[in-house]
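Start counting the sequence shown at 1; every next residue gets the next number (the UniProt record's numbering). The beta carbon of each residue, even a glycine, is placed where N, CA and C say it ideally should be. Because the structure is a prediction, the values reported are computed rather than measured. Report on one structure; see the data block that follows.
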Amino acid sequence: MAAAAAICVEDEASCGAAECAGIEKLDLAGGGGGADGRAGAAGGKRSVYLMDCAPVWGCASTRGRSAEMEDACAAAPRFADVPVRLLASRRDLDGLGLDADALRLPAHLFGVFDGHGGAEVANYCRERLQVLLSQELGLLGDDLGEVGEADMKEHWDELFRKCFQRVDDEVSGRASRLVGGVPESRPVAAENVGSTAVVAVVCSSHLVVANCGDSRVVLCRGKEPVALSIDHKPDRKDERGRIEALGGKVIQWNGYRVSGILAMSRSIGMNAHSCA
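Below you can see the structure in the form of C-alpha coordinates.
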(Lines of atoms letter the chains of each structure in order from A and count residues from 1; the text may use other names and numbers.)
(Lines give C-alpha, C1' and ligand atoms only; values in the text may rest on other atoms or scores of the structure.)
Protein backbone atom coordinates (compact mmCIF):
# COMPACT_ATOMS: atom_id res chain seq x y z
CA MET A 1 0.00 0.00 0.00
CA ALA A 2 1.36 3.42 -0.96
CA ALA A 3 1.47 6.37 1.41
CA ALA A 4 -1.79 8.27 1.62
CA ALA A 5 -3.26 11.30 3.34
CA ALA A 6 -6.81 12.58 3.54
CA ILE A 7 -8.67 15.43 5.16
CA CYS A 8 -12.38 15.48 5.96
CA VAL A 9 -14.39 18.69 6.35
CA GLU A 10 -18.00 18.73 7.53
CA ASP A 11 -20.41 21.52 6.67
CA GLU A 12 -24.16 21.39 7.14
CA ALA A 13 -24.94 23.75 4.23
CA SER A 14 -26.10 22.45 0.87
CA CYS A 15 -24.42 23.26 -2.43
CA GLY A 16 -24.52 23.22 -6.23
CA ALA A 17 -21.48 22.96 -8.51
CA ALA A 18 -19.90 25.07 -11.24
CA GLU A 19 -16.64 23.94 -12.81
CA CYS A 20 -13.92 26.12 -14.29
CA ALA A 21 -10.52 24.98 -15.59
CA GLY A 22 -9.29 23.10 -12.55
CA ILE A 23 -11.10 25.43 -10.14
CA GLU A 24 -14.41 24.31 -8.64
CA LYS A 25 -16.72 26.88 -7.02
CA LEU A 26 -19.65 25.66 -4.94
CA ASP A 27 -22.57 27.72 -3.74
CA LEU A 28 -23.25 26.45 -0.22
CA ALA A 29 -26.40 28.55 -0.03
CA GLY A 30 -27.99 26.10 -2.49
CA GLY A 31 -29.49 27.03 -5.85
CA GLY A 32 -27.78 30.44 -5.89
CA GLY A 33 -26.63 32.52 -2.95
CA GLY A 34 -29.22 35.24 -3.48
CA ALA A 35 -32.27 32.99 -3.45
CA ASP A 36 -31.62 31.46 -0.05
CA GLY A 37 -30.32 34.75 1.32
CA ARG A 38 -33.48 36.62 0.39
CA ALA A 39 -35.71 33.89 1.79
CA GLY A 40 -33.74 33.93 5.02
CA ALA A 41 -34.00 37.70 5.29
CA ALA A 42 -37.73 37.62 4.68
CA GLY A 43 -38.16 35.02 7.39
CA GLY A 44 -36.18 37.07 9.88
CA LYS A 45 -33.23 34.69 9.75
CA ARG A 46 -29.61 35.70 9.48
CA SER A 47 -28.08 35.77 5.99
CA VAL A 48 -25.62 32.96 5.22
CA TYR A 49 -23.15 35.68 4.19
CA LEU A 50 -23.08 36.98 7.78
CA MET A 51 -22.50 33.64 9.48
CA ASP A 52 -19.07 33.08 11.03
CA CYS A 53 -18.84 29.32 11.45
CA ALA A 54 -15.69 27.23 11.23
CA PRO A 55 -16.33 23.74 9.82
CA VAL A 56 -15.53 20.58 11.75
CA TRP A 57 -12.52 18.86 10.23
CA GLY A 58 -10.12 15.97 10.70
CA CYS A 59 -7.25 14.32 8.84
CA ALA A 60 -5.66 10.90 8.61
CA SER A 61 -2.58 9.52 6.87
CA THR A 62 -0.71 6.27 6.40
CA ARG A 63 2.91 5.72 5.40
CA GLY A 64 2.28 2.47 3.57
CA ARG A 65 5.38 0.87 2.06
CA SER A 66 7.31 4.14 1.76
CA ALA A 67 10.47 4.54 3.80
CA GLU A 68 9.14 7.82 5.18
CA MET A 69 5.83 9.67 5.29
CA GLU A 70 5.87 11.71 2.06
CA ASP A 71 2.39 13.25 2.29
CA ALA A 72 1.13 16.27 4.20
CA CYS A 73 -2.19 17.81 5.24
CA ALA A 74 -2.96 21.47 5.89
CA ALA A 75 -5.74 22.97 7.98
CA ALA A 76 -5.80 26.74 8.48
CA PRO A 77 -9.06 27.99 10.04
CA ARG A 78 -9.73 31.69 9.35
CA PHE A 79 -6.56 32.03 7.29
CA ALA A 80 -7.91 34.98 5.28
CA ASP A 81 -10.93 37.15 4.52
CA VAL A 82 -12.50 36.77 1.07
CA PRO A 83 -14.33 39.69 -0.62
CA VAL A 84 -17.96 38.64 -1.01
CA ARG A 85 -17.82 39.95 -4.59
CA LEU A 86 -15.55 37.00 -5.43
CA LEU A 87 -18.39 34.70 -4.41
CA ALA A 88 -21.66 36.40 -5.33
CA SER A 89 -22.81 39.04 -7.81
CA ARG A 90 -24.65 42.23 -6.90
CA ARG A 91 -27.83 40.61 -8.22
CA ASP A 92 -27.39 37.71 -5.79
CA LEU A 93 -26.93 40.16 -2.91
CA ASP A 94 -29.75 42.56 -3.78
CA GLY A 95 -32.33 42.93 -1.01
CA LEU A 96 -30.09 41.50 1.72
CA GLY A 97 -29.06 44.87 3.13
CA LEU A 98 -25.35 44.07 2.77
CA ASP A 99 -22.48 46.35 1.74
CA ALA A 100 -21.38 44.23 -1.20
CA ASP A 101 -18.24 46.29 -1.85
CA ALA A 102 -16.89 46.15 1.72
CA LEU A 103 -18.08 42.79 3.07
CA ARG A 104 -15.44 40.08 3.46
CA LEU A 105 -16.14 36.54 4.65
CA PRO A 106 -13.83 34.60 6.98
CA ALA A 107 -12.29 31.75 4.99
CA HIS A 108 -10.80 28.42 6.06
CA LEU A 109 -8.19 26.55 4.02
CA PHE A 110 -7.73 22.79 3.87
CA GLY A 111 -5.29 20.91 1.67
CA VAL A 112 -3.67 17.56 0.91
CA PHE A 113 -0.23 17.24 -0.68
CA ASP A 114 0.80 13.81 -1.96
CA GLY A 115 4.58 13.79 -2.12
CA HIS A 116 6.70 11.60 -4.35
CA GLY A 117 10.45 11.04 -4.12
CA GLY A 118 10.53 12.55 -0.64
CA ALA A 119 8.57 14.68 1.82
CA GLU A 120 10.28 18.06 1.32
CA VAL A 121 7.99 19.50 -1.36
CA ALA A 122 4.76 18.29 0.28
CA ASN A 123 5.82 19.81 3.60
CA TYR A 124 6.78 23.08 1.89
CA CYS A 125 3.39 23.26 0.16
CA ARG A 126 1.64 22.67 3.48
CA GLU A 127 3.33 25.71 5.04
CA ARG A 128 3.64 28.04 2.06
CA LEU A 129 0.47 27.85 -0.05
CA GLN A 130 -1.82 29.27 2.62
CA VAL A 131 0.56 32.21 3.16
CA LEU A 132 0.68 33.08 -0.53
CA LEU A 133 -3.08 32.75 -1.02
CA SER A 134 -3.74 34.93 2.03
CA GLN A 135 -1.38 37.57 0.63
CA GLU A 136 -3.04 37.51 -2.79
CA LEU A 137 -6.53 37.82 -1.28
CA GLY A 138 -5.32 40.71 0.87
CA LEU A 139 -4.14 42.59 -2.21
CA LEU A 140 -7.63 42.63 -3.73
CA GLY A 141 -9.42 45.94 -3.31
CA ASP A 142 -12.95 46.22 -1.98
CA ASP A 143 -14.36 47.61 -5.23
CA LEU A 144 -14.11 44.79 -7.76
CA GLY A 145 -16.65 46.42 -10.05
CA GLU A 146 -19.45 44.38 -11.58
CA VAL A 147 -18.21 40.81 -11.27
CA GLY A 148 -20.18 38.15 -13.12
CA GLU A 149 -20.05 34.38 -12.65
CA ALA A 150 -17.41 33.97 -15.37
CA ASP A 151 -15.33 36.80 -13.88
CA MET A 152 -15.41 35.18 -10.44
CA LYS A 153 -14.07 31.94 -11.88
CA GLU A 154 -11.34 33.83 -13.72
CA HIS A 155 -10.33 35.64 -10.52
CA TRP A 156 -10.10 32.38 -8.58
CA ASP A 157 -8.31 30.66 -11.43
CA GLU A 158 -5.70 33.42 -11.53
CA LEU A 159 -5.28 33.42 -7.74
CA PHE A 160 -4.62 29.69 -7.53
CA ARG A 161 -2.44 29.61 -10.64
CA LYS A 162 -0.24 32.39 -9.26
CA CYS A 163 0.10 30.66 -5.90
CA PHE A 164 0.80 27.21 -7.36
CA GLN A 165 3.33 28.66 -9.81
CA ARG A 166 5.05 30.71 -7.10
CA VAL A 167 5.45 27.65 -4.87
CA ASP A 168 6.76 25.65 -7.84
CA ASP A 169 9.29 28.40 -8.62
CA GLU A 170 10.45 28.56 -4.99
CA VAL A 171 10.72 24.79 -4.72
CA SER A 172 12.88 24.60 -7.86
CA GLY A 173 15.04 27.61 -7.00
CA ARG A 174 13.74 29.75 -9.88
CA ALA A 175 12.45 32.25 -7.29
CA SER A 176 14.03 33.18 -3.97
CA ARG A 177 12.31 32.63 -0.63
CA LEU A 178 13.00 33.93 2.86
CA VAL A 179 14.69 31.56 5.31
CA GLY A 180 15.15 33.15 8.72
CA GLY A 181 14.64 36.56 7.11
CA VAL A 182 17.44 35.94 4.59
CA PRO A 183 16.76 35.44 0.85
CA GLU A 184 17.47 31.86 -0.23
CA SER A 185 17.49 30.71 -3.85
CA ARG A 186 18.60 27.11 -3.49
CA PRO A 187 16.02 24.46 -4.42
CA VAL A 188 13.92 23.08 -1.59
CA ALA A 189 14.58 19.50 -2.70
CA ALA A 190 16.25 17.41 -5.37
CA GLU A 191 14.79 17.43 -8.89
CA ASN A 192 13.17 14.01 -8.44
CA VAL A 193 11.07 15.21 -5.48
CA GLY A 194 7.62 16.67 -6.01
CA SER A 195 4.05 16.75 -4.76
CA THR A 196 0.46 17.03 -5.85
CA ALA A 197 -1.65 19.82 -4.38
CA VAL A 198 -5.38 19.92 -3.75
CA VAL A 199 -6.78 22.87 -1.82
CA ALA A 200 -10.24 23.81 -0.58
CA VAL A 201 -11.23 27.29 0.59
CA VAL A 202 -14.40 27.12 2.70
CA CYS A 203 -16.59 30.13 3.50
CA SER A 204 -20.05 30.27 5.09
CA SER A 205 -21.66 30.52 1.66
CA HIS A 206 -19.27 28.89 -0.82
CA LEU A 207 -16.58 26.28 -1.32
CA VAL A 208 -13.78 26.82 -3.87
CA VAL A 209 -11.32 24.05 -4.74
CA ALA A 210 -8.27 23.75 -6.99
CA ASN A 211 -5.91 20.90 -7.77
CA CYS A 212 -2.57 20.13 -9.37
CA GLY A 213 -1.92 16.45 -9.99
CA ASP A 214 -4.11 13.47 -9.18
CA SER A 215 -5.18 14.14 -5.59
CA ARG A 216 -8.96 14.54 -5.45
CA VAL A 217 -11.73 16.50 -3.79
CA VAL A 218 -14.95 14.58 -3.14
CA LEU A 219 -18.14 16.07 -1.73
CA CYS A 220 -20.38 13.64 0.15
CA ARG A 221 -24.05 14.56 0.25
CA GLY A 222 -26.89 12.26 1.20
CA LYS A 223 -24.38 9.38 1.29
CA GLU A 224 -23.58 10.02 -2.39
CA PRO A 225 -20.04 11.03 -3.48
CA VAL A 226 -19.68 13.93 -5.92
CA ALA A 227 -16.29 14.52 -7.58
CA LEU A 228 -15.26 18.18 -7.43
CA SER A 229 -11.90 17.87 -9.19
CA ILE A 230 -10.52 16.23 -12.32
CA ASP A 231 -7.24 14.33 -12.07
CA HIS A 232 -4.30 15.54 -14.13
CA LYS A 233 -3.29 12.21 -15.70
CA PRO A 234 -1.08 11.55 -18.76
CA ASP A 235 -3.71 9.31 -20.35
CA ARG A 236 -6.01 12.31 -20.82
CA LYS A 237 -5.94 13.42 -24.44
CA ASP A 238 -5.62 17.11 -23.56
CA GLU A 239 -2.85 16.52 -21.01
CA ARG A 240 -0.91 14.22 -23.31
CA GLY A 241 -1.12 16.81 -26.09
CA ARG A 242 0.08 19.57 -23.75
CA ILE A 243 3.03 17.49 -22.55
CA GLU A 244 4.11 16.52 -26.07
CA ALA A 245 3.76 20.14 -27.25
CA LEU A 246 6.24 21.09 -24.51
CA GLY A 247 8.71 18.45 -25.69
CA GLY A 248 7.82 15.76 -23.15
CA LYS A 249 6.86 12.14 -23.74
CA VAL A 250 4.08 9.94 -22.42
CA ILE A 251 5.10 6.29 -22.26
CA GLN A 252 2.97 3.22 -21.53
CA TRP A 253 4.90 1.57 -18.70
CA ASN A 254 2.69 -0.02 -16.06
CA GLY A 255 0.12 2.58 -17.04
CA TYR A 256 0.61 5.87 -18.85
CA ARG A 257 3.48 7.86 -17.34
CA VAL A 258 5.33 11.07 -18.15
CA SER A 259 8.78 10.01 -19.40
CA GLY A 260 7.86 6.54 -18.18
CA ILE A 261 8.15 7.72 -14.56
CA LEU A 262 5.43 10.04 -13.26
CA ALA A 263 1.87 8.68 -13.11
CA MET A 264 0.40 12.20 -13.02
CA SER A 265 0.72 14.88 -15.69
CA ARG A 266 1.17 17.86 -13.36
CA SER A 267 3.14 18.31 -10.18
CA ILE A 268 4.69 20.93 -7.94
CA GLY A 269 8.42 20.33 -8.00
CA MET A 270 10.03 17.50 -9.97
CA ASN A 271 11.14 20.06 -12.55
CA ALA A 272 11.52 17.81 -15.55
CA HIS A 273 7.94 16.60 -15.25
CA SER A 274 5.89 19.41 -13.74
CA CYS A 275 4.88 21.15 -17.01
CA ALA A 276 2.61 23.31 -14.80
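- In the three-state reduction of the DSSP assignment, Asp92 falls in the helix class.
- Contact check for Val193 against Glu239 fails: the beta carbons are separated by 8 Å or more.
- For Leu109, same chain residues with a beta-carbon under 6 Å away, outside a window of 5 residues either side, are Ala76, Phe79, Gln130, Val201 in chain order.
- Exclusion of the five residues before and after Leu228 leaves Glu24, Val209, Val217, Leu219 as the residues of its chain whose Cβ lies within less than 6 Å of its Cβ.
- Inclusion of Ser265 and Pro234 in the CB contact set at 8 Å is warranted, their separation being smaller than that value.
- As the crow flies, the alpha-carbon of Phe160 is around 7 Å from that of Leu133.
- In this model, Glu136 and Val82 are separated by some 10 Å (Cα to Cα).
- By the C-beta density criterion, Trp253 is exposed, having fewer than 16 other C-beta atoms within 10 angstroms.
- Between the alpha carbons of Arg257 and Asp214 lies a distance of about 12 Å.
- Judged by their CB atoms, Met152 and Leu87 are nearer to each other than the 8 Å cut-off.
- Annotated three-state conformation of Glu191 is coil, per DSSP.
- If you draw a straight line from the Cα of Pro187 to the Cα of Asp52, it is about 39 Å long.
- Val171 is not a Cβ neighbour of Ala197, given a cutoff of 8 Å.
- Looking at the DSSP output, Ile268 shares a beta bridge with Ser195.
- Burial is judged here by how many other beta carbons sit within 10 angstroms of a residue's own beta carbon; Cys125 has at least 16 and is buried.
- Considering only Leu96, Val48, Ile7, the residue with the shortest C-alpha distance to Val56 is Ile7.
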